[in-house]
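Let me begin by presenting the structure, written as C-alpha cells, before commenting on it.
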Amino acid sequence: MNILGVESVIYGVEDMDSATRFHVDWGLELTHSDAAGADFKLPDDTTVHIRPMDDSSLPPASVPGSTAREVIWGVADQATLEAIGTELSRDREVTTDGEGGLHSADDLGYRLGFKISARKPKAASLPATNTVWSAPRIDKRAEVFTRPGVRQQRMFHVVYWGPGDTESHACFYLDRLGFQLTESVEGIGFFMRCGGSHDHHNLFLESTEKNFGFQHVAYEVKDFDEILRCGTHMEQQGWTTQLGPGRHFFGSGLFWYFRNPAGGLAETGMDSDFISDDWTPLRHETIPPEASRPWLIRREEEGKAVAAGSWPQLVNGQVLPAAAK
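Heads up: the sequence shown begins at 273 in the numbering used here, then just goes up one per residue.
And the structure:
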C-alpha cells in the first residue's frame, strides 16, 4: 500500500500552555491557538495538533496523562485509502471522518488514522559545506551566522513501545499495511518504513517487557548546525535533554532528544540512511558488535534521563501510569 509517511500527530495534554510553548520553541510554525487547542504546520504541510486531554473529539488515550492520542499516516491516493479501509475492516472497527479520513487502532490499541496526504516536498536550500579537498563555499562565511531561527523541516518517524511479542505487533504493519522491514534486532525491535518511503524507518516498535505507549516523534532539520542550535535554544528556554547530541548506529542519524510536555520525547536529527527499493532486510539475532554509538556528548544519566519506571507500564493487562518525574 502506498503510505507515504507521518502526516499528523495529535496530542491530548494536561498543560496546554507548556505543550504549546515547547513546540514554538522547537521550531514549528504556530498557525492557530486558543483555549480549544493549538495547531502547527511544517514546511511540507504536515501538521501537529495539541488539544486538552479532556477534549471529547480525541480518540481514547492508550496511557494516562499527556500523550500522542493518534498518529495520522498520509497516503498517496484514494485507491490506497480504500484498500486500507477494506483490509482493516475485516477484523476491527474503522470509522470515517467528515473529510474522508479513516481511523482505527493497531493490535496494541494504539490509535492510527489515514488520509490522502497534503504534503508538498520542498526543494530545501541547503548550506554549502567545506570539507577536505572540497570547498563549494568561497569567500563567504558559513550560512549559520545569517540564518534565522531553526525550523524543523518534516517528521520522519515515530516510535512506540511494543511489549510482549513485538514481532507479532510489527506484522500488523508489515502484512496488513504494506510497511517494509529495513532491519530488526532480537530483543531491540523492528525498524519499518512506509511502502512509499525511502527513510530508514518511519515506525520503530521497540521491544520491552512492560513499557507501553507512545515514545517519540522525530523531526528532520537541514544540517548539524541546526541540531546544535535547536538543542542549545531548548535548554536555554528551560527544556530538558533526555539524550544527546550523538549519532545512531541504526539509521546512522545525528540526534538530540528532549522530554516533550505533550507526551513522550521529541527528537531533532538529520543525515539518516536512504533505503532503496533494492534493499534486503537485515535480521540481527544480536546487536552487531559495531553498533555502539561512534560518539555521544551526554549519556542518558548525564542528560537527566527518563528513568526506569517513568514510562507507563503494562502489568497483567493493565496500564499503570508513569512514575512521577
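C-beta atoms are modelled at their ideal positions from N, C-alpha and C, and glycine is treated no differently. Please read these numbers as outputs of a predicted model, since none were measured by experiment.
Range of the contiguous beta strand (DSSP E) that encloses residue i
i	result
Asp-306	301-306
Gln-452	452-457
Leu-477	475-480
Leu-276	275-285
His-488	486-492
Ser-338	Careful: Ser-338 lies outside any beta strand (DSSP E) and carries neither H nor E.
Trp-528	526-531
Ala-400	Premise fails: Ala-400 is in no beta strand (DSSP E) and is neither H nor E.
Gln-585	585-587
Distance, residue j Cα to residue i Cα
i	j	result
Tyr-382	Pro-408	47 Å
Ala-310	His-321	6 Å
Gly-461	Asp-437	10 Å
Gln-590	Asp-327	23 Å
Pro-593	Pro-435	15 Å
Val-489	Ser-479	17 Å
Val-278	Ile-410	38 Å
Asp-497	Asp-289	28 Å
Glu-415	Ile-499	15 Å
Met-427	Arg-391	11 Å
Gly-575	Ser-338	Annotation note: pLDDT 46 at Gly-575 (below 50); position unreliable, coordinate value reported separately. The straight-line gap from Cα to Cα measures roughly 22 Å.
Thr-513	Pro-584	20 Å
Thr-303	Tyr-491	18 Å
His-505	Asp-379	38 Å
Thr-368	Val-404	55 Å
Asn-588	Val-343	26 Å
Thr-319	Ser-440	30 Å
Lys-482	Lys-412	53 Å
Thr-401	Arg-419	14 Å
Arg-570	Gly-370	46 Å
Phe-463	Gly-525	13 Å
Pro-332	Phe-386	17 Å
Bounding residues of the alpha helix (DSSP H) (the contiguous stretch that carries residue i)
i	result
Ala-351	350-360
Phe-294	288-298
Met-506	496-508
His-441	438-443
Integer-rounded CB distance, given that residue j should sit under 8 Å from residue i
i	j	result
Leu-374	Gly-357	5 Å
Phe-486	Ala-595	That pair is no contact at about 17 Å.
Val-430	Val-493	The Cβ separation is near 17 Å, so there is no contact.
Ala-395	Met-273	That pair is no contact at about 27 Å.
Leu-276	Val-347	6 Å
Arg-598	Ala-377	Coverage of the chain is limited to positions 273 through 597, which leaves residue 598 absent and any answer about it impossible.
Glu-455	His-520	With 8 Å as the limit, Glu-455 and His-520 do not qualify as a contact, their Cβ atoms being about 12 Å apart.
Which listed residue (the options) has its alpha carbon closest to that of residue i
i	options	result
Leu-477	Asp-497, Tyr-432, Glu-458 and Phe-451	Tyr-432
Asp-549	Arg-465, Ala-377, Trp-298 and Lys-412	Arg-465
Pro-336	Phe-522, Phe-484 and His-556	Phe-484
Asp-317	Val-281, Lys-482 and Pro-331	Val-281
Leu-554	Glu-458, Gly-518 and Gly-503	Glu-458
Trp-345	Gly-467, Ala-308 and His-556	Gly-467
Leu-300	Ala-307, Asp-306, Ala-308 and Phe-312	Phe-312
Glu-539	Gln-452, Phe-463, Gln-424 and Ser-564	Gln-424
Ala-262	Leu-314, Arg-519 and Leu-330	With the chain covering only 273 through 597, there is no way to say anything about residue 262.
Pro-393	Pro-332, Pro-315, Leu-380 and Glu-371	Pro-315
Gly-450	Ser-524, Glu-359, Lys-412 and Ser-406	Glu-359
Pro-561	Gly-516, Thr-552, Phe-522 and Leu-353	Phe-522
The region 531-550 touching the region 436-444, judged by at least three CB pairs closer than 8 Å:
Between the region 531-550 and the region 436-444, the count of C-beta pairs closer than 8 Å stays below three; the two stretches do not touch.
Check whether the region 281-289 touches the region 527-543, counting contact only when three or more Cβ pairs, one atom from each stretch, lie closer than 8 Å.
Yes: at least three Cβ pairs fall under 8 Å.
Assess, as a yes-or-no matter, whether the region 490-509 is touched by the region 293-307 under the definition of 3 or more beta carbon pairs within less than 8 Å.
yes
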